[in-house]
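Colleague: Submitted below is the structure of interest, expressed as structure tokens.
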Amino acid sequence: MYIVQIQGNVRHPITLDPTVWIFDDRKILLDEAFNNQSSDAQNHAANEDTPFNRNQYQQKMNPPINESVKKFDRKKVLENSYLMPINHFLPNAEPDKNATKAILHTDDGQQEITIDELNDSLLLFALDGKPLKDDGPVHLYFNDGRNYDAPIKSIKKIHIE
Numbered sequence: 001m002y003i004v005q006i007q008g009n010v011r012h013p014i015t016l017d018p019t020v021w022i023f024d025d026r027k028i029l030l031d032e033a034f035n036n037q038s039s040d041a042q043n044h045a046a047n048e049d050t051p052f053n054r055n056q057y058q059q060k061m062n063p064p065i066n067e068s069v070k071k072f073d074r075k076k077v078l079e080n081s082y083l084m085p086i087n088h089f090l091p092n093a094e095p096d097k098n099a100t101k102a103i104l105h106t107d108d109g110q111q112e113i114t115i116d117e118l119n120d121s122l123l124l125f126a127l128d129g130k131p132l133k134d135d136g137p138v139h140l141y142f143n144d145g146r147n148y149d150a151p152i153k154s155i156k157k158i159h160i161e
């Protein structure tokens with residue numbers, strides 16, 4: 001199964017389907033993700049200044065779906081490796097303001113990270129344009145790239161505490 005559940009100390013448990021992110025314009029090329037840290041940090045800071053409003057979000061529920069992908073780009077889309085910032089989805093679950101950590105449930109056990117680390121993380125969901133079958137559905141990379149050579153793999157569930 002290729003889904004990731006976010007549950008625990010959240011107002012709305014959610015289920016993510018990374019297999020559809022290949023069509024989402026918010027995806028980031030793996031090759032470019034860790035080269036442009038300063039602009040990513042600025043974009044994230046700008047997003048934090050705007051409070052999350054569930055009603056406004058639900059009115060704009062349609063995510064940006066590859067409007068920029070033309071016929072000649074489709075082959076390129078299916079050949080690259082992509083990441084998705086988890087901060088596009090975490091506000092939808094509305095973690096409790098007192099939540100401090102996240103437990104990542106993987107095939108190899110559990111790994112604990114802070115809620116801030118989770119919010120600043122990137123999820124690898126496609127390698128060479130294909131879903132992660134053997135060690136997926138997602139791998140977690142910290143935004144600063146410190147675990148670039150050893151991402152957290154096989155994440156099936158994220159439990160907020």
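Numbering (the UniProt record's numbering), first residue to last: 1 to 161. Glycine included, C-beta positions come from ideal geometry on N, C-alpha and C. Quantities reported herein were computed from a predicted structural model and do not represent experimental measurements.
Could you please give the first and the last residue of the uninterrupted alpha helix (DSSP H) stretch that includes Pro-137?
Modeller: It is not in any alpha helix (DSSP H) - Pro-137 carries neither H nor E in the DSSP assignment.
Colleague: Distance check for Thr-100 and Glu-161, CA to CA, integer angstroms please.
Modeller: Their Cα atoms are separated by approximately 6 Å.
Colleague: Rounded to a whole number of angstroms, what is the C-alpha to C-alpha distance between Tyr-148 and Tyr-141?
Modeller: Cα to Cα, the separation comes out at about 6 Å.
Colleague: For a quick check, are the C-beta atoms of Ile-115 and Pro-85 less than 8 Å apart?
Modeller: Contact: no.
Colleague: Can you grab the Cα-Cα spacing for the pair Asn-92 / Ile-6, in whole Å?
Modeller: Looking at the two C-alpha atoms, the distance is approximately 10 Å.
Colleague: Among Ile-113, Gln-110, Ile-152 and Asp-128, which one has its Cα closest to the Cα of Leu-78?
Modeller: Checked all of Ile-113, Gln-110, Ile-152 and Asp-128; the closest Cα to Leu-78 is Asp-128.
Colleague: Specify the secondary structure class of Leu-104 as computed by DSSP and reduced to three states.
Modeller: Looking at Leu-104 - three-state DSSP - the assignment turns out to be strand.
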